[in-house]
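Reading through the structure tokens given below for one structure.
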Amino acid sequence: MRFNFLIKLGNVTFFFMISSTQTLEGVTSKVGEDQHIILWDLEKCTLEQAKETLSDVQYKYHLSDIWITSDAEGSYRAWCFSRRFFKEYLKILLETEHLDWNFFWWTVRRGQATLRTSNKQGRPPQQVVAYLKGYEPAEIPAKMVHVLYDTGLEKRGVVIKVGQVSRSV
Numbered sequence: 052m053r054f055n056f057l058i059k060l061g062n063v064t065f066f067f068m069i070s071s072t073q074t075l076e077g078v079t080s081k082v083g084e085d086q087h088i089i090l091w092d093l094e095k096c097t098l099e100q101a102k103e104t105l106s107d108v109q110y111k112y113h114l115s116d117i118w119i120t121s122d123a124e125g126s127y128r129a130w131c132f133s134r135r136f137f138k139e140y141l142k143i144l145l146e147t148e149h150l151d152w153n154f155f156w157w158t159v160r161r162g163q164a165t166l167r168t169s170n171k172q173g174r175p176p177q178q179v180v181a182y183l184k185g186y187e188p189a190e191i192p193a194k195m196v197h198v199l200y201d202t203g204l205e206k207r208g209v210v211i212k213v214g215q216v217s218r219s220v
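Residue numbers (the numbering used here): 52 to 220.
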């Protein structure tokens, strides 16, 4: 169960959440000064839809090979080791259909993407489910930043609002 609390005091709103969480491991997109490998998190699509949208941006931006991984139907992560400036990386993400918007939001907020490499609780290990031949050579970076992060087991929860709900005009 997850509870989201919104407490409004005047012009200030406090938010906190109580939820079961899990610690996951991932890697970041940043591999140099303003250089990023291309990582995607796609949701609510078929494998064929994921392949189609990734092929489209791969062609448009002349990207290298793309590996698509999955641990659940409708949920895909994709890896491309072409290096791009952050601004172009964001354009690539915005042109990708079925992008997980939470993934995009956190990418913008942190200035780099984080893609999960560990197993989520209750899911099988990720496996490569598709490979798209690319348009330029690229090498896997010698060093990548590994990170640990916590995420809620439940994506949605009960919202509890306390305090001023509306104001008079």
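Where a beta carbon is used, it is the ideal one built from N, C-alpha and C, also for glycine.
Among the options, the one whose alpha carbon lies nearest that of residue i
i      : options                        : result
Ala123 : Glu146, Ser133, Cys96          : Cys96
Gly214 : Lys59, Phe136, Asn55           : Lys59
Ser169 : Trp157, His113, Thr202         : Thr202
Lys184 : Ile89, Asp92, Thr165, Trp118   : Trp118
Gln177 : Arg128, Leu114, Leu105         : Arg128
Ile89  : Trp157, Phe137, Tyr182, Ala181 : Phe137
Tyr182 : Gln73, Gly61, Leu114           : Leu114
Ser106 : Ser80, Glu146, Arg135, Gln73   : Glu146
Alpha carbon of residue i to alpha carbon of residue j, nearest angstrom
i      : j      : result
Val108 : His87  : 16 Å
Leu68  : Leu75  : It should be noted that the sequence gives Met, not Leu, for residue 68. The alpha-carbon atoms of Met68 and Leu75 are separated by roughly 18 Å.
Ser219 : Val198 : Reliability fails at Ser219, whose pLDDT of 48 lies under 50, so the model's placement of it is uncertain and no value is given.
Lys171 : Tyr112 : 31 Å
Leu141 : Ile211 : 34 Å
Val179 : Tyr110 : 21 Å
Glu139 : Pro175 : 33 Å
Met52  : Glu205 : 7 Å
Distance CB(residue i)-CB(residue j) smaller than 8 Å
i      : j      : result
Asp151 : Cys131 : no
Leu166 : Val78  : yes
Gly208 : Asn55  : yes
Glu94  : Ser126 : yes
Glu187 : Ser121 : no
Identified DSSP bridge partners for residue i
i      : result
Ile143 : Bridge partners of Ile143: none, in fact.
Cys96  : According to DSSP, which records beta bridges pairwise, Cys96 is partnered with nothing at all.
Thr165 : Thr79
Ala123 : Ser126
Reduced DSSP category for residue i - H, G, I as helix; E, B as strand; rest coil
i      : result
Val220 : Low per-residue confidence applies at Val220: pLDDT is 46, beneath 50, and the placement is therefore not dependable, though the value from the model is reported in the following sentence. Correct three-state label for Val220: coil.
Tyr182 : strand
Tyr110 : helix
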